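*Asks:* Numbering follows UniProt numbering, in which position 257 of the sequence shown is assigned residue number 257; successive positions increment by one, without gaps.
Let me give you the structure first, and then I'll get to my questions.
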Amino acid sequence: MTLWVQDYWPGGEPMPPGTTPPCWILLRGLVRESRHWGSFGQRLADTLQVRVLSPDLPGNGQLHRMPSPLQLSALVDHLRSEMLPRHTSNPELSQPPFRLLGLSMGAMVATAWALDFPAEVDRLVLVNGSLANLSPPWQRLRPGALATLARALVSDTAGKEALIYRLSCHQQRDHILSQWCDYARECPVTGRNTLRQLAAAALYRSNNRVPRAPALLLCSRNDALVDPACSAAIANHWRSPLGIHPDAGHDLPHDAPDWLLAQISNWLAGH
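Set out below in structure tokens:
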């Protein structure tokens, strides 16, 4: 099955043949799809003058009919099988090493990719992520967030998306919530896949390994879903820089995209 990928170029147009800009891959989290990045993918491409790919993971988005794997390593295998051999009309421009930006569960997928296939990843940005071997369960998923997710599982589409939106975003915009409801109706994530994704995230262990690629950890002080202490624990174990937004929610690309872009740009300039 062909992987569903949003493809962004600087200015919205592919670069001339023969140019090979760095390729970033954006990885979303639990029960979210590539469209939930909103305009962030294009803004990242324009800011850094790079190509940006945003795939759907099995069980989400255009792949919502597929079962979500119970192991994050299987998600990495799926991504690699679809993205390494060829992509769109310019396969030579999507070859590794990639630069990965993962949000929440997507940060765990990015970590697994960087640890298991280090030659394929040369930069790593983790946003509001966590690792089971470094943080306790009540920090990785706050008890209040677990109760909200449980209510979402038994709610209708509008109710579920409203609960997730309020949980993950501090900046509330009616038109964004309406878009999210439309996405959920077009590509509904099943309750079974929701539980399978929760299990995969809970079970993943990095076994205290440290990625070869330089990494940047970013988190939100007011994250209602994941305690920012989880990002601090990763940054401390990896000896990587940590940036903390003072008041954004879990979905940093939604709440504070300018800050997120500035953090990434400044970090890359330092390397």
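Built from N, CA and C at the ideal position, the CB exists for glycine as well.
Note that the structure is a prediction, hence the values are computed from the model and not measured.
Among residues of its own chain, excluding the 5 on either side of Met66, which ones have a beta-carbon nearer than 7 Å to its beta-carbon?
*Replies:* Stepping through the sequence shown from its first residue, residue 66 is reached at position 66. Counting only Cβ-Cβ distances below 7 Å, and skipping sequence neighbours, we find Pro58 and Gly59.
*Asks:* Considering only their Cβ atoms, is the gap separating Cys23 from Arg99 smaller than 8 Å?
*Replies:* Sequence index remark: in the sequence shown, residue 99 carries index 99 (1-based). Sequence index remark: in the sequence shown, residue 23 carries index 23 (1-based). Yes; because the gap between Cβ atoms is below 8 Å, this pair is in contact.
*Asks:* Straight-line CA distance for Pro69 to Arg192?
*Replies:* Counting from one through the sequence shown, the residue named residue 69 turns up at place 69. Counting from one through the sequence shown, the residue named residue 192 turns up at place 192. Going from the Cα of Pro69 to the Cα of Arg192 covers about 11 Å.
*Asks:* Who are His245's beta bridge partners in DSSP?
*Replies:* Numbered from 1 along the sequence shown, position 245 holds the residue referred to as residue 245. DSSP, once it has assigned bridges, lists Ser220 as partnering His245.
*Asks:* Who are Ala215's beta bridge partners in DSSP?
*Replies:* Here the question's residue 215 lines up with position 215 in the sequence shown. Ala215 is bridged to Leu124.
*Asks:* Ends of the beta strand (DSSP E) at Ser231?
*Replies:* Your numbering for residue 231 matches position 231 in the sequence shown. Per DSSP, Ser231 belongs to no beta strand (DSSP E); it is in the alpha helix (DSSP H), Ala229 to Trp238.
*Asks:* In this structure, how does DSSP classify Gly12 when only helix, strand and coil are distinguished?
*Replies:* Taking the first residue of the sequence shown as 1, we reach residue 12 at position 12. Three-state result, Gly12: helix.
*Asks:* Along the alpha helix (DSSP H) that carries Val181, what are the first and last residues, could you check?
*Replies:* As a working mapping, residue 181 is identified with position 181 in the sequence shown. One point to set straight first is that residue 181 is Cys, not Val, in the sequence displayed. Asp174 to Glu186 is the span of the alpha helix (DSSP H), which, as asked, contains Cys181.
*Asks:* Which whole-angstrom value describes the C-beta separation of Ala201 and Met108, a residue pair presumed to lie in contact below a C-beta threshold of 8 Å?
*Replies:* If you number the sequence shown from 1, residue 201 lands on position 201. If you number the sequence shown from 1, residue 108 lands on position 108. With a Cβ gap of about 6 Å, Ala201 and Met108 count as contacting.
*Asks:* How far does the beta strand (DSSP E) with Pro55 in it reach, from first residue to last?
*Replies:* Sequence index remark: in the sequence shown, residue 55 carries index 55 (1-based). Unbroken beta strand (DSSP E) run through Pro55: Arg51 to Pro55.
*Asks:* Run through the DSSP bridge pairs and tell me what Gln6 is partnered with.
*Replies:* As a position in the sequence shown, residue 6 is number 6, starting the count at 1. Paired residues: Ser54.
*Asks:* Considering only the beta carbon of each residue, do Asp122 and Ala235 sit closer than 8 Å?
*Replies:* Residue numbering aside, residue 122 sits at position 122 when the sequence shown is read from its first letter. Residue numbering aside, residue 235 sits at position 235 when the sequence shown is read from its first letter. No, the pair does not count as a contact, with Cβ atoms beyond the cut-off.
*Asks:* In this structure, does DSSP put Gly144 in helix, strand or coil?
*Replies:* Counting from 1 along the sequence shown, the entry for residue 144 is found at position 144. Note: Gly144 maps to helix in three-state DSSP.
*Asks:* Could you spell out the range, first to last residue, of the beta strand (DSSP E) harbouring Gly102?
*Replies:* Within the sequence shown, the letter at position 102 stands for residue 102. It spans Phe98 to Leu103 - the beta strand (DSSP E) in which Gly102 sits, taken as one unbroken run.
*Asks:* Could you round the C-beta distance between Leu225 and Arg151 to whole angstroms and report it? I think they count as a contact, below 8 Å.
*Replies:* As a working mapping, residue 225 is identified with position 225 in the sequence shown. As a working mapping, residue 151 is identified with position 151 in the sequence shown. Not confirmed; about 14 Å, so no contact.
*Asks:* Output the distance between the C-alpha atoms of Ala132 and Asp56, rounded to the nearest integer angstrom.
*Replies:* Taking the sequence shown and counting its residues from 1, one reaches residue 132 at position 132. Taking the sequence shown and counting its residues from 1, one reaches residue 56 at position 56. Rounded to the nearest angstrom, the two C-alpha atoms are 24 Å apart.
*Asks:* Who are the Cβ neighbours of Arg209 in its own chain at under 7 Å, not counting the five residues just before and after it?
*Replies:* Numbered from 1 along the sequence shown, position 209 holds the residue referred to as residue 209. Once the five neighbours on either side are set aside, the close Cβ partners of Arg209 are Leu115.
*Asks:* Excluding the five sequence neighbours on either side, which residues of its own chain have a C-beta within less than 7 Å of the C-beta of Phe169, listed in chain order?
*Replies:* Numbered from its first residue, the sequence shown carries residue 169 at position 169. It should be noted that the sequence gives Cys, not Phe, for residue 169. Answer for Cys169: Gly249, Asp251, His254 and Asp255, listed in chain order.
*Asks:* Report, in whole angstroms, the separation of the C-beta atoms of Val127 and Leu103, which I expect to be a contact under 8 Å.
*Replies:* Reading the sequence shown from its first residue, position 127 is the one you call residue 127. Reading the sequence shown from its first residue, position 103 is the one you call residue 103. So it is a contact: roughly 5 Å between Cβ atoms.
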